[in-house]
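The block underneath contains the structure these notes are about, expressed in structure tokens.
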Amino acid sequence: MSNRILLPRIIEIGKNACQKLPSILSTFNIKKVLIVTDDTMVKLGYVQLIQDILNLNKIESTVYADTIPEPTDGSITAGINLVHQRHFDGMIALGGGSVIDSAKAISILGKLGGSIRDYKFPRQVDEQGLPLIAIPTTAGTGSEVTKFTIITDEEKNEKLLCVGAGFMPIATIVDYSLSLSVPPRTTADTGIDAMTHAIEAYVSQKHNIYSDQQALAAMRLIGPNLKRAFHNGQDQEAREKMMLGATLAGIAFSNASVALVHGMSRPIGAFFHAPHGLSNAMLLPNVTAFSIPASPSRYADCAIALGVASHTDTIALANQKLIQFLKDLNQELNVPTLAEFGVQQEKFNNLLDTLCEQAFASGSPNNNPRIPTVDEMRSIYRSLWL
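Going from the sequence shown to the numbering used here is simple: count from 1 and add 2.
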């Protein structure tokens with residue numbers, strides 16, 4: 003059986019890789035761009051850095067900096083309107099996963115029209131929007147190399163998973179120097195998100211020989227370096243390896259899939275506004291413990307790749323070490339419980355059926371090595387309070 007692999011046409015990797023942006027734009031004959039970003043990137047001076055590079059090469063740019071964390075259909079409307087008004091021939095996304103996801107949606111809706119719900123999975127969106135160059139500034143979502151975007155439908159309070167080649171950036175610039183200013187909390191959340199991508203891609207029922215290699219390589223980079231980057235944001239070696247690890251993890255899950263953690267995580271983000279990586283972290287230890295019986299050898303491979311078990315360990319011991327590592331990691335990275343995050347248990351319990359319904363509707367739980375029943379999913383959700 004063959005597997006179709008989707009990647010950006012150009013991936014530029016390394017310190018100061020942003021300097022190659024004009025030549026990449028020239029490759030695609032792009033001369034007038036919309037820069038999609040957020041206020042943080044403006045304040046840090048990164049937007050000005052990109053505009054200076056563009057100005058030196060006489061490339062016209064307009065900045066849209068009103069994206070928000072956990073983007074919604076409402077938050078991207080003004081960006082779509084700009085595309086309709088200004089007739090850009092390309093876009094640049096500069097920021098974390100929420101910025102890149104916003105830019106992907108703006109690219110598609112700005113050119114093809116409709117509402118984001120029209121593009122919800124299981125529709126495969128292979129039509130092309132405006133050409134998009136993604137420049138990530140966090141080591142997390144891997145959105146710079148994936149065929150996915152996630153936008154919340156505000157009316158229904160539902161995170162919509164949108165899938166297809168149309169959401170793949172045509173080019174990506176992975177410049178780890180842009181991640182040196184990321185604060186510890188965001189470093190932790192995005193780093194655990196990247197690690198979860200790699201683990202889930204490797205154990206997914208849709209894994210393949212190509213995605214396996216990317217996932218294992220990502221875990222080998224992320225495992226030893228996540229805590230280093232969290233404790234010392236100026237550790238350039240750790241930042242570089244985390245950025246590359248996140249990109250490889252993105253390639254892995256884009257060409258395999260994510261699974262139960264992500265399926266259950268999205269509704270938590272939609273209803274309680276927990277950052278995506280944070281809700282992943284809350285779920286990962288218990289979902290892993292639930293899933294191991296269906297794929298013990300592959301989870302043991304993950305433990306070894308992450309550096310928390312050795313090849314001489316039995317499969318059972320490696321998996322014990324993996325679960326303990328995930329619990330200890332959450333403690334060291336100060337991952338709060340749902341209660342500590344401010345979620346009211348009564349409200350959570352009242353929404354439990356809706357959480358399960360939306361999780362299953364995303365399709366991700368069906369990729370898990372062990373597919374839960376509704377009762378088992380409720381039990382995993384309830385375990386977040388223990």
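By construction, the Cβ of each residue, glycine as well, lies at the ideal position given by its N, Cα and C atoms.
A quick note: this is a predicted structure, and the numbers were derived from the prediction, not measured.
Pick from 161, 146 and 190 that is closest to residue 170, judged by C-alpha positions | If we check each option's Cα against that of residue 170, 146 comes out closest.
Could you tell me which residues DSSP puts in a beta bridge with residue 48?
-> Bridge partners of residue 48 according to DSSP: none are assigned.
State the DSSP-derived secondary structure class of residue 1, mapped to helix, strand or coil.
-> There is simply no residue 1 to check, as the chain begins at 3 and stops at 388 in what is shown.
Just mark residue 3 as buried or exposed, buried being the case when its beta carbon has 16 or more other beta carbons within 10 Å.
-> Exposed, because fewer than 16 other Cβ atoms sit within 10 Å of the Cβ of residue 3.
Touching or not, the segment 97-111 and the segment 77-85, by the rule of three or more beta carbon pairs under 8 Å?
-> By the Cβ criterion, the segment 97-111 is in contact with the segment 77-85, since at least three pairs of Cβ atoms, one from each stretch, lie closer than 8 Å.
Where does the unbroken alpha helix (DSSP H) through residue 350 begin, and where does it stop?
-> For residue 350, the uninterrupted alpha helix (DSSP H) run begins and ends at 347-352, by DSSP.
Member of 28, 239 and 189 whose CA lies at the smallest distance from the CA of residue 62 = Shortest Cα-Cα distance from residue 62 to any of 28, 239 and 189 involves 28.
Taking only the alpha-carbon atoms, compute the straight-line gap between residue 168 and residue 92 and give it to the nearest angstrom.
-> Answer to the nearest angstrom: the Cα atoms are 14 Å apart.
Quick one: what's residue 126 bridged to in DSSP?
-> Paired residue(s): 165.
From 341, 332 and 41, residue whose alpha carbon lies closest to that of residue 193 | That would be 332, whose Cα lies nearest to the Cα of residue 193.
Taking the alpha helix (DSSP H) that residue 85 falls in, what are its first and last residues?
-> In this chain, the alpha helix (DSSP H) harbouring residue 85 covers 79-88.
Report all residues from its chain with a CB closer than 7 Å to the CB of residue 166; omit the five preceding and five following residues, and keep chain order.
-> So the qualifying residues of the chain are 126, 127, 128 and 149.
Is the segment 153-167 touching the segment 184-198 in the sense that three or more CB pairs, one from each, lie closer than 8 Å?
-> Here the segment 184-198 makes no contact with the segment 153-167; the two share fewer than three CB pairs at distances below 8 Å.
From the DSSP output, which residues share a beta bridge with residue 138?
-> In the DSSP output, where bridge partners are listed per residue, residue 138 has 97.
Skipping 5 residues on each side, what residues in its chain have a beta carbon closer than 6 Å to that of residue 281?
-> The residues are 267, 270 and 271.
Quick one: is residue 227 buried, meaning 16 or more other Cβ sit within 10 Å of its Cβ, or exposed?
-> Label assigned to residue 227: buried.
Beta bridge counterpart(s) of residue 14 as assigned by DSSP = Residue 14 pairs with 175.
According to the Cβ coordinates, are residue 310 and residue 323 closer than 7 Å?
-> Yes, Cβ-Cβ distance for residue 310 and residue 323 is below 7 Å.
Can you give the beta carbon distance from residue 141 to residue 248, rounded, assuming they're within the 8 Å contact cut?
-> With a Cβ gap of about 4 Å, residue 141 and residue 248 count as contacting.
To which residues does DSSP link residue 150 through a beta bridge?
-> DSSP lists 165 as partners of residue 150.
When we look at the beta-carbon of residue 293 and count the other beta-carbons within 10 Å, is it buried (16 or more) or exposed?
-> With 16 or more other Cβ atoms from the protein chains shown falling within 10 Å of its own Cβ, residue 293 counts as buried.
Starting from the C-beta of residue 258, find all residues in its chain whose C-beta is less than 7 Å away, skip the five residues before and the five after it, and write them out in chain order.
-> Here the set comprises 203, 206, 208, 209, 210 and 213.
Buried or exposed: residue 115, going by 16 or more other Cβ atoms within 10 Å of its Cβ?
-> The residue in question, residue 115, is exposed, as its Cβ has fewer than 16 Cβ neighbours within 10 Å.
Boundaries of the beta strand (DSSP E) in which residue 415 is found, first to last residue | A question about residue 415 goes unanswered here, because the residues of the chain that appear run from 3 up to 388.
In this structure, does DSSP put residue 112 in helix, strand or coil?
-> Three-state DSSP puts residue 112 in a helix.
Pair within 7 Å by beta-carbon distance, residue 179 and residue 17 | Yes, these two residues count as a Cβ contact at 7 Å.
Out of 53, 34, 71 and 72, state which residue places its alpha-carbon closest to the alpha-carbon of residue 84.
-> Nearest to residue 84 by C-alpha distance, out of 53, 34, 71 and 72, is 34.
In the structure shown, what three-state DSSP assignment does residue 205 receive?
-> Residue state, collapsed to three classes: helix.
Status (buried if at least 16 other CB within 10 Å, exposed otherwise) for residue 7 | So residue 7 counts as exposed.
Classify residue 73 as buried or exposed, calling it buried when 16 or more other Cβ atoms lie within 10 Å of its own Cβ.
-> Its Cβ being crowded by 16 or more others within 10 Å, residue 73 is buried.
Do residue 100 and residue 71 have their C-beta atoms closer together than 7 Å?
-> Yes. Within cutoff.
Does DSSP put residue 184 in a helix, a strand or coil?
-> Coil at residue 184, not helix or strand.
Do the CB positions of residue 118 and residue 162 come within less than 7 Å of each other?
-> Yes; because the gap between Cβ atoms is below 7 Å, this pair is in contact.
Could you tell me whether the Cβ atoms of residue 364 and residue 261 are closer together than 7 Å?
-> Against a cut-off of 7 Å, the Cβ pair of residue 261 and residue 364 comes out as no contact.
In this structure, does DSSP put residue 155 in helix, strand or coil?
-> Here DSSP, grouped into helix, strand and coil, assigns residue 155 to strand.
Please name the residue, chosen from 253, 382, 181 and 233, that lies closest to residue 201 on a Cα-to-Cα basis.
-> The residue from 253, 382, 181 and 233 with its alpha-carbon nearest to that of residue 201 is 253.
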